[in-house]
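Here's the structure we're looking at; comments come further down.
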Amino acid sequence: MIRGWYTGASGMNAQQNRLDAISNNLANVDTAAYKRDITVSKAFPELLLRRTNADGVYKTPFGSADAAPVIGKLGLGVETNENYTDFEQGSFRATSSNTDMALNGKGFFAVQTPAGERYTRNGNFMIGKEGILETKDGYPVLGEYGPVSVSDDQFKVNENGMIYSSQNNELIDRFKIVRFDNERYLEKMGNSLYRSNDITGEAHIAEGDERPTMLQGYTETSNVNVVNEMVQMIEVNRAYEANQKTIQSEDSMMNTLWKEVAVTR
455 MIRGWYTGAS GMNAQQNRLD AISNNLANVD TAAYKRDITV SKAFPELLLR RTNADGVYKT
515 PFGSADAAPV IGKLGLGVET NENYTDFEQG SFRATSSNTD MALNGKGFFA VQTPAGERYT
575 RNGNFMIGKE GILETKDGYP VLGEYGPVSV SDDQFKVNEN GMIYSSQNNE LIDRFKIVRF
635 DNERYLEKMG NSLYRSNDIT GEAHIAEGDE RPTMLQGYTE TSNVNVVNEM VQMIEVNRAY
695 EANQKTIQSE DSMMNTLWKE VAVTR
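Mapped onto this note's numbering, the consecutive letters of the sequence shown carry residue numbers 455 to 719.
As structure tokens, this is what we get:
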């Protein structure tokens, strides 16, 4: 019965982690270019149940057989295996601002932060006081020659990320769009920023077929489906309650064991 407590508790912990991820997804449903988190759980190794009144092997005309065959399995609970980010493409929303950008395909904008270079899909940019294109948090957006500097918001950007001046159609820079070997394992840093690590590999500038196309005057919406998230939330709540009732039942049986069986003996 003690094992039942731990099994139920492990299930409650796993469902709590799922609920945290779903709640965060729903809270960011209106955040530009937000990518939803998915929690993956795995079962502890199962024990094989064998007959306890027989052991060893016995002879048959065709060889030998196990005298204690496997009659079932005993699960020992569940745990959260990983919490990963789903980088599925979001839809596009038209805006009236030339400083808004969206990426159609896999890839990330590069931005400069006090902690170093970081990456984002959120193209909701603005022009800072010094004419530098910045994120809403004030981080400079990087081109291939450094921070993107524009004189006004009338600049033009083509599908390849080339930035042209509105006055004389002069090439200013090209957006630094990067890719990774294993983008799935990018770490979220908050404020729509991501950080690379040893698993993702170093960022490299996307070229050719792996470079996404750019859309000026658009932003990418989040890839959170509210209906699906709400359905999953209901499933999580029901699973959590089922594990809770399991623990209550185990506790009731243990109480009966100590009060009646132990006293009788």
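Just so it is clear, CB atoms sit at the ideal spot from N, CA and C, and this is done for glycine as well.
- Taking residue 628 as reference, the option from 615, 638, 635 with the minimal CA-CA separation is 615.
- Fewer than three Cβ pairs drawn from the segment 537-546 and the segment 649-658 lie within less than 8 Å of each other, which leaves the two stretches out of contact.
- By the Cβ-count criterion, residue 688 is exposed, with fewer than 16 other Cβ atoms from all chains shown falling within 10 Å of its own Cβ.
- Counting along the chain, residue 570 sits inside the beta strand (DSSP E) bounded by residues 570-574.
- Assigned with DSSP and collapsed to three states, residue 685 falls in helix.
- Within the model, the alpha-carbon separation for residue 665 versus residue 561 is close to 7 Å.
- With distances taken between CA atoms, residue 585 lies nearest to 606 out of 571, 606, 471.
- Excluding five sequence positions before and after residue 472, the CB atoms of its chain that fall closer than 6 Å to its own CB belong to 493, 690, given in chain order.
- Closest in alpha carbon position to residue 495, among 475, 609, 488, is 475.
- Nearest neighbour of residue 545 by Cα position, chosen from 581, 595, 486, turns out to be 486.
- Between residue 483 and residue 619, the C-beta gap is not smaller than 9 Å, which leaves the two residues out of contact.
- Between residue 479 and residue 683 a beta carbon distance of about 5 Å is seen, short of the 8 Å cut, so the two are scored as contacting.
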